[in-house]
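Chains as they are written, first to last, in the numbering used here: chain A, 19 to 383; chain F, 300 to 629; chain Z, 16 to 294.
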Amino acid sequence: MPRSLPLAALLALAAAACKREGAAPSEDRPARPAVSLQGAGATFPYPLYSKWIFEYGKQRPEIRVNYQSIGSGGGIRQLIERTVDFGATDAPMTDQELAKASGRIVHLPTTLGAVAVTYQVRGLEASSLQFSPEALAGVFLGEIARWDDPELAELNPGVPLPAEPITVIHRSDGSGTTAIFTGYLAKVSPGWNEKVGAGKSVRFPSGLGAKGNEGVTGQIKSTPGSIGYVELAYARQNKLPVAAVRNRAGRPALPTLEAVSAAAAAFTGSLPEDLRLSIVDPPAESAYPISSFSYVLVYEQQPDPVKGQALVDFLWWAIHEGQAMAPQLDYAPLPEAVVRKVEEKLRSISPSKRPSPLQGEGSWP
Amino acid sequence: MAVSVTALGRLSLPRRLAPAFWGEAHLGDRAFRLCTAAFAAGALLTLAALALQMTRASALSLRRFGPGFVLGTEWDPVRESFGALPFLFGTVVSSALALLIAVPVSLGAAIFLSELAPGWLRSPIGFLLELLAAIPSVVYGLWGIFVLAPWLRDTVQRPLSGALGGLPFFSGTPRGFGMMAGGLILAIMVLPTIASVSREVMRAVPVGLREAALALGATRWETVRHSVLPSARSGLVGAIILGLGRALGETMAVTMVIGNRAEISASLFEPGYTMASVIANEFTEAAGDLYLSSLAEIGLLLFGVTLLLNALARLLVWRIARLPDGARRA
Amino acid sequence: MDRYRRRSAIDRLAKAACVAAVLLALVPLASLLAYVAAKGVSGLSLSFFTGLPKPVGEPDGGMVNAVTGTLVLVGLACLFGVPPGVMAGIYLAEFGDNRFGKAVRFSADVLSGVPSIVVGIFVYTLLVLWMRGFSALAGGVALGIIMLPTVTRTTEELVRMVPDSLREAALALGVPRWKAIVRVVLRTAAPGILTGLMLAVARVAGETAPLLFTAFNNRFWSIDLSQPMASMPVQIFTYAVSPYEEWHRQAWAAALVLVAMVLALNAGARLLLHRRAPR
């Protein structure tokens with residue numbers, strides 16, 4: 019008898035596998051038909067998006083938004099391949115990328131964030147270093163290789179800079195955060211522009227690569243003497259110090275909500291029709307120089323009306339009620355003018371011409 | 300475990316009965332035979348489809364860069380210039396480092412298990428070694444990030460850098476994460492593969508050879524050194540190649556500790572990037588077509604190399620012993 | 016005499032080196048198991064098995080989705096990997112002493128050495144792009160392909176080990192050959208095959224790399240095979256590289272669960288083998 023037991027177990031295993039398959043559709047059916055939205059992309063806004071999805075899930079439990087923060091490059095690639103329902107990126111898609119897609123893609127700004135320069139250096143846990151654009155480029159090029167470099171010392175008088183080597187932490191995946199950061203450096207430093215350039219994936223001359231804003235922050239935390247660039251929320255959540263960067267007006271600016279909003283305000287007067295714009299290195303006095311909108315990318319023609327409607331509902335909620343949650347997570351709310359524009363864009367998404375009744379126009383001030 | 304079953308099988312296995320004896324008068328028999336043959340063809344087809352699909356996915360890059368891809372040192376998505384050399388370098392160096400550490404240790408362990416250990420000890424230690432092989436790669440990576448890398452940095456690299464910092468291998472900043480960590484974690488992971496295959500190979504050496512040597516007054520070690528090892532040699536080489544195959548394809552644990560930067564540096568402290576880790580990090584991310592295709596070509600290269608190595612290893616090991624299960628894990 | 020002393024000294028030295036090698040090999044294992052056990056236990060809680068991943072800062076996050084996801088994916092892998100593998104193994108053992116059999120055997124062996132990440136690319140370009148989406152199904156297929164060669168070769172070995180006298184006895188009773196194989200030969204080999212299966216399952220349960228491009232990940236509890244699905248290995252990877260303490264805790268806990276699972280399968284396989292051995 020014991021001989022047949024394992025065989026029975028084998029059959030049971032196979033049967034269980036079949037059963038799981040069969041049972042799938044009947045499980046878990048709430049009152050309204052459940053909709054699963056698959057999204058992927060930027061890690062930059064992930065703390066905010068995950069909060070949104072969590073809160074929105076309480077209101078509309080039938081809409082399940084599965085957002086995976088794999089990197090902006092991934093968001094764009096997977097949307098082009100149509101393996102996801104929406105993508106997300108911080109760096110707007112290039113014309114070349116847009117041309118590859120099999121449909122019109124709209125850019126919907128959802129929030130504003132800063133790329134903070136953060137570090138883990140003994141003795142500097144609480145102090146905010148100051149960088150000039152040249153010094154920042156020098157550090158990330160590997161030309162300034164020690165914390166006690168005279169150029170850094172000059173910028174930070176009185177700060178006890180240790181005699182230790184600098185380890186640069188950068189992204190190993192295709193990243194909008196990288197695009198913003200390198201876009202800024204390429205703009206302010208000819209040397210950077212020539213040697214590295216700007217893009218979602220670039221060839222970093224020094225340091226360690228890590229995956230996602232999460233990975234970079236984690237790597238910074240586990241590497242003494244390191245410096246890296248992450249979305250402000252990641253630095254704040256992990257109590258890492260952030261550097262002040264000298265802006266175009268020559269003032270040291272810390273990445274704060276006000277400084278980010280100021281950067282956006284410098285550009286929102288002349289919004290491009292497709293909302294693709296870069297707000298790095300703004301001319302404003304109090305602006306932080308390395309900030310950006312973060313975008314959700316969707317096809318204008320939604321192949322599935324139910325999903326399309328759910329997506330529009332969620333995004334509508336995000337740019338209205340959702341904005342209130344942004345500041346507590348260190349993201350700046352969208353400027354009024356941008357919200358209007360996004361509303362317009364959301365209405366243009368077909369087949370859902372307008373947001374569903376549950377949260378119509380009335381629900382926002 | 301499966302090891303001993305297969306070893307047993309090899310010894311006690313009678314010849315297959317001749318097909319004529321079985322006969323195939325029954326229609327059901329023919330149907331059954333065809334049916335199983337169809338599934339058997341599945342393995343063949345899967346392999347063929349794999350090769351075909353990988354080639355198709357890398358067509359763009361193959362056309363653009365040609366054979367120069369293998370020697371290109373640039374990996375610059377901004378300028379769309381791609382070359383595989385830094386990844387080949389990272390893969391080869393980390394795997395070589397792994398073998399350098401793992402081969403002596405695993406051969407020693409295999410000799411102990413097959414020749415020296417008292418009977419009651421063989422099975423539990425063998426089990427522990429196989430356990431080492433069964434632990435998922437990502438768990439090694441987790442341990443690598445939080446235990447191995449900090450330990451390497453503080454206990455190994457700092458003193459090394461102080462004492463031998465002048466050597467190119469130990470220059471640079473001790474960070475823990477980097478080529479050395481990648482090589483070490485690979486060593487730990489391929490060790491059980493090499494050890495258990497070598498043990499099988501040594502066990503397959505006829506007892507008579509050992510007895511003869513011992514009877515001539517040789518010590519245990521001399522018996523091993525002059526009788527067992529020479530006759531097991533090609534199998535041992537096969538075991539090492541199998542270990543190498545595993546090291547080349549290993550992904551997660553290495554990705555988590557190697558530092559992930561496409562760079563060719565002599566220093567073991569510096570970060571590296573392996574073929575498998577660049578795929579893991581960038582494959583879903585590559586927005587440009589040429590970029591994606593280049594990643595696929597790296598996959599194709601990896602596929603080709605492991606294919607060759609495995610074919611070679613099987614040829615060498617097969618002559619001596621059946622492969623134990625667990626000899627392979629990508 | 017002097018020479019003898021030297022020889023025996025070398026002998027002792029070499030033996031000591033071998034013992035040292037074994038100890039050296041076991042040090043990382045001990046360290047790893049100790050960390051996984053210590054950190055994993057402190058990270059385990061009820062919510063780990065009941066909760067879903069939560070945004071950082073929200074209490075009671077868990078990974079019930081990843082735990083079920085891993086079970087479903089492994090189940091799928093068995094579905095795609097085991098029946099074809101067993102059938103192919105039967106062919107190889109019973110009919111495979113020809114050139115076709117040799118080719119199949121060779122490709123199974125080569126296939127078993129293909130890095131799992133390459134299988135991931137393969138399934139992505141074939142299935143994920145075609146189905147227009149990441150899915151549990153694609154993940155199951157990838158894991159199934161990884162399992163297939165092991166199952167094939169194990170089945171072959173074990174079916175070959177069944178003594179011909181059993182086949183002869185069945186045939187002598189007038190049973191058709193296929194029935195003899197299924198009812199007698201396969202049944203006799205079943206415990207051994209199951210042992211092999213458990214080992215193969217233990218291996219794919221921890222696979223991460225191919226799932227990154229196939230099953231992807233899912234924040235929700237889902238058993239819909241056409242949708243992305245969470246799994247413990249992918250979740251461990253995501254959490255391990257993150258900067259959050261809470262996520263690290265959960266990664267260790269998941270590692271403990273995964274290692275316990277793999278250990279249990281290995282120990283089970285060994286037990287099964289031992290129980291069978293005397294017969």
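Built from N, CA and C at the ideal position, the CB exists for glycine as well.
Fair warning: this is a prediction, and the values are worked out from it, not measured in the lab.
Taking buried to mean at least 16 other C-beta atoms within 10 Å of its own C-beta, is A:D299 buried or exposed? Looking at its Cβ environment, which holds 16 or more other Cβ atoms inside 10 Å, A:D299 is buried.
Are A:V186 and A:T200 close, meaning C-beta to C-beta below 9 Å? no
With burial defined as no fewer than 16 other Cβ atoms inside 10 Å of the residue's Cβ, what is the status of Z:L28: buried or exposed? exposed
Let me know the secondary structure DSSP gives F:G294 once reduced to three states. Because residue 294 of chain F is not part of the residues shown, which for chain F are 300 to 629, the question remains open.
Compare the C-beta of F:P376 against all C-beta atoms of chain A and say whether one is closer than 9 Å. Yes, its Cβ sits closer than 9 Å to a Cβ of chain A.
What would DSSP say about A:P270, mapped onto helix, strand or coil? strand
Taking 9 Å as the CB-CB limit, is Z:P293 close to chain A? With a pLDDT of only 43 at Z:P293, under 50, the local geometry of the prediction cannot be trusted, and the value read off the model is given with reservation. For Z:P293, the answer is no, since every Cβ of chain A falls outside 9 Å of its Cβ.
To the nearest whole angstrom, what separates the beta carbons of A:L289 and A:A134, a pair I think is in contact under 8 Å? Going by Cβ atoms, the distance from A:L289 to A:A134 rounds to 25 Å, so no, they are not a contact pair.
Sufficient close CB pairs (3 or more, under 8 Å) joining the segment 207-221 of chain Z to the segment 61-80 of chain Z: no
What first and last residue would you give for the beta strand (DSSP E) that runs through A:P127? 123-138
Rounded to whole angstroms, what is the Cα-Cα separation between A:F384 and A:A355? This structure cannot speak to residue 384 of chain A, because chain A is shown only from 19 to 383.
For a contact meaning CB atoms closer than 7 Å, what does Z:K6 contact in chain A? Because chain Z is modelled from 16 through 294, residue 6 of chain Z falls outside the range shown and cannot be assessed.
Residue environment, A:D348, which counts as buried when at least 16 other CB atoms sit within 10 Å: buried
Give me the Cα-Cα distance between A:V53 and Z:S246, rounded to the nearest whole angstrom. 21 Å
Between F:A612 and chain A, is any beta-carbon pair separated by less than 9 Å? no
Identify, in the order they occur along the chain, each residue of the same chain with its Cβ nearer than 6 Å to the Cβ of A:N84, setting aside the five sequence neighbours on each side. Q56
Cβ shell of F:N559 (< 7 Å), same chain only, five flanking positions each side left out: The residues are P570, Y572, S576, N580.
Can you determine whether any heavy atom of the ligand FMN sits closer than 8 Å to the C-beta of Z:A195, and answer yes or no? In the structure on display, the ligand FMN does not appear, and there are no ligands present to speak of.
Excluding the 5 residues preceding and the 5 following A:D292 in the sequence, name in chain order all residues of the same chain whose CB lies nearer than 7 Å to its CB. H125
Please identify, using Cβ separations under 9 Å, the residues of the segment 90-113 of chain Z that lie next to chain F, in order along the chain. P98, P99, G100, V101, M102, A103, G104, I105, Y106, L107, A108, E109, F110, G111, D112
I'd like to know whether the C-beta atoms of Z:S46 and F:V446 end up nearer to each other than 9 Å. yes
Reducing DSSP to helix, strand and coil, say where A:F311 ends up. Reduced to three states, the DSSP call for A:F311 is strand.
Between A:G243 and A:Q237, is the Cβ-Cβ spacing less than 9 Å? no
Interface flag, F:D588 vs chain Z, CB-CB below 9 Å: no
Along the chain, where does the beta strand (DSSP E) that runs through A:E249 open and close? Here the beta strand (DSSP E) through A:E249 covers 244-249.
Spell out whether any CB of chain Z is found under 9 Å from the CB atom of F:A397. no
Paired residues, beta bridge with A:G105 - DSSP: A:A58, A:L315
Buried or exposed (CB count within 10 angstroms, at least 16 for buried), Z:D17: exposed
Against chain Z, which members of the segment 237-256 of chain A pass a CB distance test of less than 8 Å? The segment 237-256 of chain A vs chain Z, Cβ under 8 Å: Q237, I238, K239, Y252, Q255, N256.
Specify the secondary structure class of A:H188 as computed by DSSP and reduced to three states. strand
Any beta-carbon of chain F closer than 9 Å to the one on A:S190? Cβ-Cβ to chain F under 9 Å: yes for A:S190.
Using a Cβ distance threshold of 8 Å, determine whether the segment 453-465 of chain F contacts the segment 524-544 of chain F, with at least three qualifying pairs required. Counting Cβ pairs under 8 Å, fewer than three are found: no touch.
Residues, ordered as in the chain, of the segment 218-238 of chain Z that lie near chain F by beta-carbon distance below 8 Å: R218, A220, G221, E222, T223, A224, L227, F228
So is Z:V34 in contact with chain F if we call contact Cβ pairs under 9 Å? A Cβ of chain F is located within less than 9 Å of the beta carbon of Z:V34.
Along the beta strand (DSSP E) that carries A:L226, what are the first and last residues, could you check? For A:L226, the enclosing beta strand (DSSP E) begins and ends at 226-228.
Beta-bridge pairing of A:P183 - partner residues as DSSP gives them: A:R164
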